[in-house]
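With positions in the sequence shown counted from 1, the corresponding number in our numbering is that position plus 40. Where a beta carbon is used, it is the ideal one built from N, C-alpha and C, also for glycine. These numbers were taken from a predicted model, which means no experiment stands behind them.
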Amino acid sequence: TTSSGESAFTLVNDDYQFWEDIQDRLNGIAPFDAGHSCIFYQTAKQWPKAFVQVTAVNGLAYAVVISMMTTFITVWIFTASIWMTFLIEVTLLCIISTTFGIFQLLQWQVGAVEAVSLS
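Here is the structure:
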């Protein structure tokens, strides 16, 4: 968690997208010769880590929705009480909202570790 400036995710994502754009442009103009095309790839030690960070942060909303749906179904099946299921879902939403609110209040950036822990 960082408290000021740009987060590591933002910096990595900007660099990653910059090189992805260059790669896409080069692949768009690459020659196609005798059934084989010249395809450019990114090969750097940093890109697997960057890809994981980008994927973790961008997938946070999906992870929260899937967690909420799974919790709803599981609690409903095991308790057979829609009222208890509703209360638990509201409690989880309050916890997640409070956590995100604290991040915003303290001006912290959400990185890959935070995204995984929140999901």
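Residue i in three-state terms, based on DSSP
i: Tyr81; result: coil
i: Pro71; result: coil
i: Gln149; result: coil
Host alpha helix (DSSP H) of residue i (start-end)
i: Ser137; result: Ile122 to Leu145
Contact under 8 Å by Cβ, residue i with residue j
i: Val92; j: Ala152; result: yes
i: Leu100; j: Ile136; result: no
i: Ile128; j: Thr111; result: yes
i: Gln82; j: Gln63; result: yes
i: Leu132; j: Met108; result: yes
i: Ala90; j: Val52; result: yes
Residue burial classification, residue i (beta-carbon count within 10 angstroms, cutoff 16)
i: Glu60; result: exposed
i: Ala96; result: buried
i: Val130; result: exposed
Residue-level contact to chain B via CB, residue i, 8 Å cutoff
i: Thr125; result: Checking the listed chains, one finds no chain B in this structure; it contains a single protein chain.
Contact between the stretch 59-71 and the stretch 122-131 is defined here as three or more beta-carbon pairs at a separation below 8 Å; is this criterion met? Verdict: no, contact absent.
May I ask you to verify whether the stretch 108-121 touches the stretch 141-153, counting CB pairs closer than 8 Å and requiring at least 3? Here the stretch 108-121 makes no contact with the stretch 141-153; the two share fewer than three CB pairs at distances below 8 Å.
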